[in-house]
Amino acid sequence: MTDTLAFLLERRSDIAEMTLEHVFLVAVSIGIAVVIGVPLGILLTRRPSLASPVIGFASVMQTIPSLALFGFLIPIPLIGGIGNTTAIVALVLYALLPLLRNTYAGIQSVDPAVVEAGRGMGMTDLERLRLIEIPLSLATILAGIRIATVNAIGLATIAAAVGAGGLGTLIFRGLSMVDSRLILAGAVPAATLAIVADGLLGRFERWLGWDR
Amino acid sequence: MSGPAVELKNVSKRFGARQVLDRVSFRVEPAETLVLLGSSGAGKTTALRTINRLVVPDEGEVEVEGREIRAWDPIRLRRRTGYVIQDVGLLPHLTIAENVELIPKLEGWSPERRSERVRELLAFVGLAPERFAHKKPRELSGGERQRVGVARALAVDPPLLLMDEPFGALDAVNRRRMQDEFLEMKQKLRKTIVIVTHDVPEAMKLGDRIAVMHGGRLLQIGSSSEIVERPADDFVAELLRVESALPT
């Protein structure tokens, strides 16, 4: 135990650097996924006939084993190859489902009387979206971002397999060298990141939801 | 303004296979209160919603201030038409004041003018502004929320007011009180008002004229005494008899 701790301390600058890489991977992926997923989820509430094919596609993405998905992406030009891009593309694909589903469900669940009142008062589509539907579904949308983020922190460890860096690098190195201390050096910070992100986003969610 | 404030001419509407409106025609004169009376499924709500273009008729014409509904910009039309619904539909994340000033804000009124208007309107509907302005809708009773709904509908002083079962969700005591206040308000404001209700005594009490609807058709239109004394057909007679007997 003390041996492991000493080892971790010794490697702290490595661990810190890889944690930063990890956070970067997750932050960029979730950022892109939010920019795609939230507007797309809103669009689906306007075109309900598209909802089941699009959400279906996102669900299928979710079922592909992550290691396989990274593998599939490598040969694809522009988005593939070895490195960050491939990892980010894969993480974005995984994050889409919770974002789409929660955005769609959140907006669908806004009290129809409120939306009807907004329409009857003469609010334009955009005004209704901005003043009624988005504020009232924000807590649900945020819950989707939270799930996607926690998932992505776990998945991003596997991204090291395609050379994207991050805490997974330590884990893979530990696996190949059969050194459990190295595995722990990657796994413990990754788990801690997930717990911290979950707690922070959860707190933000409750703060937003307090008045409903 | 000359001519009727609102006129429906042979308006028909289908939702799928269901004929919800079948060649409905009526006029509402300026400053008049017309009640659309009928049981559920009569088409009265749909008829009301053609007036602010929430429903576009398949056939026939709807004129507001002499202008056909399709010639109006729907947003402009709705902003000059107060709309009150049974479920009120206050925005739960905004305060009472913010709810009431929503449209004035979108119309670009200054903050001073808006808060002045909010005070005026809340006082008008019998809610002390200093007590209610900063509350959230969920802190209010059903009757209070309904009053806020009316205040919101009056915010930009629209010449036309559409009310769909405005007192339908209230208990008998509150309902009667709101009806009395409505009559007072009507006297003060002199607006053109169309109200939907299924409640015969309410229709008699509030309406200058009553339009009886059933199965998407308009059966009879006239003052309450005309309808009571000379019902157009058996159905109207039956509706008056049955519904009047029910406690409200």
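Protein chains in written order, with this note's numbering: chain F, -3 to 208; chain W, -18 to 229.
Where a beta carbon is used, it is the ideal one built from N, C-alpha and C, also for glycine.
Taken in chain order, the members of the region 83 to 110 of chain W whose beta-carbon sits within less than 8 Å of a beta-carbon on chain F are Leu83, Ile84, Leu87. Within the region 120 to 143 of chain F, Thr120, Glu123, Leu127, Ile128, Pro131, Leu132 place their CB atoms closer than 8 Å to a CB of chain W, listed in sequence order. With 16 or more other Cβ atoms from the protein chains shown falling within 10 Å of its own Cβ, W:His195 counts as buried. Here W:Pro85 is buried. Its C-beta has 16 or more other C-beta atoms within 10 Å. For W:Met144, the beta-bridge partners assigned by DSSP are W:Val65, W:Ile176. Shortest Cα-Cα distance from W:Glu82 to any of W:Pro73, W:Leu220, W:Glu97, W:Glu44 involves W:Glu97.
For W:Gly70, the nearest CB of chain F lies under 8 Å from its own CB, placing it at the interface with that chain.
For W:Val129, the enclosing alpha helix (DSSP H) stretches over residues 123 to 134. Under DSSP, W:Met194 takes part in a beta bridge, and its partners are W:Leu199.
Interface flag for W:Ile66 against chain F is set, since a Cβ pair is found closer than 8 Å. A Cβ-Cβ contact shorter than 8 Å links W:Ala28 with W:Leu2.
Secondary-structure assignment with DSSP links W:Lys(-10) through a beta bridge to W:Glu42. Here the C-alpha atom of F:Val85 lies approximately 7 Å from the C-alpha atom of F:Ile75. When the beta-carbon positions are compared, F:Phe66 and F:Ile154 come within less than 8 Å of each other. Legend: CB atoms of the region 100 to 114 of chain F lying less than 9 Å from CB atoms of chain W belong to residues Asp107, Pro108, Ala109, Val110, Val111, Glu112, Ala113, Gly114. By alpha-carbon distance to W:Arg222, the top candidate from W:His74, W:Ser204, W:Lys186, W:Val181 is W:Val181. Its Cα nearest to that of W:Phe148, the residue W:Gln160 stands out among W:Leu135, W:Gln160, W:Arg133, W:Leu87. Here the region 154 to 165 of chain F lies against the region 8 to 17 of chain F, with 3 or more beta-carbon pairs under 8 Å apart. For F:Val30 and W:Gln127, the gap between their C-alpha atoms comes out near 38 Å.
Residue ranges of uninterrupted alpha helix (DSSP H) with 4 or more members, entirely inside the region 3 to 54 of chain F and ordered along the chain, are 8 to 42. When Cβ-Cβ separations below 8 Å define contact, W:Arg190 makes no contact with chain F. Contact of F:Met117 with chain W is assigned, a C-beta pair being separated by under 8 Å. The beta carbon of F:Ala156 sits closer than 6 Å to the beta carbons of Gly162, Gly164, Thr165, Phe168 from its chain, once the five residues preceding and following it are set aside; these are given in chain order. Residue-level contact check: W:Ile56 touches chain F, since one or more beta carbons of chain F fall below 8 Å from its beta carbon.
A check of alpha carbon separations from W:Arg34 across W:Ser122, W:Ala134, W:Glu49, W:Ser20 identifies W:Glu49 as the nearest. Check the Cα spacing between W:His115 and each of W:Ile77, W:Val193, W:Asn155: the tightest is with W:Ile77. W:Asn155 does not reach chain F, its nearest Cβ partner there being about 19 Å away, counting only Cβ pairs nearer than 7 Å. Take F:Arg124, set aside five residues on each side of it, and the residues of its chain with a beta-carbon closer than 8 Å to its own are Val111, Gly114, Arg115, in chain order. In the DSSP assignment, W:Val1 falls within the beta strand (DSSP E) that extends over -1 to 9.
Using a Cβ-Cβ cut-off of 8 Å, W:His74 counts as an interface residue toward chain F, since at least one Cβ of chain F sits closer than that to its own. F:Gly140 is positioned such that its CB atom lies closer than 8 Å to that of F:Pro94.
CA-to-CA, the gap between W:Ala104 and W:Val131 works out to about 12 Å. Following the DSSP letters along the chain, one finds W:Leu17 inside the beta strand (DSSP E) bounded by residues 14 to 18.
In chain order, Gly116 make up the part of chain F whose C-beta sits under 7 Å from the C-beta of W:Asn33. Here W:Ser6 is not near W:Leu164, since their CB atoms are 8 Å or more apart.
Using a CB distance cut-off of 8 Å, W:Arg60 counts as an interface residue toward chain F.
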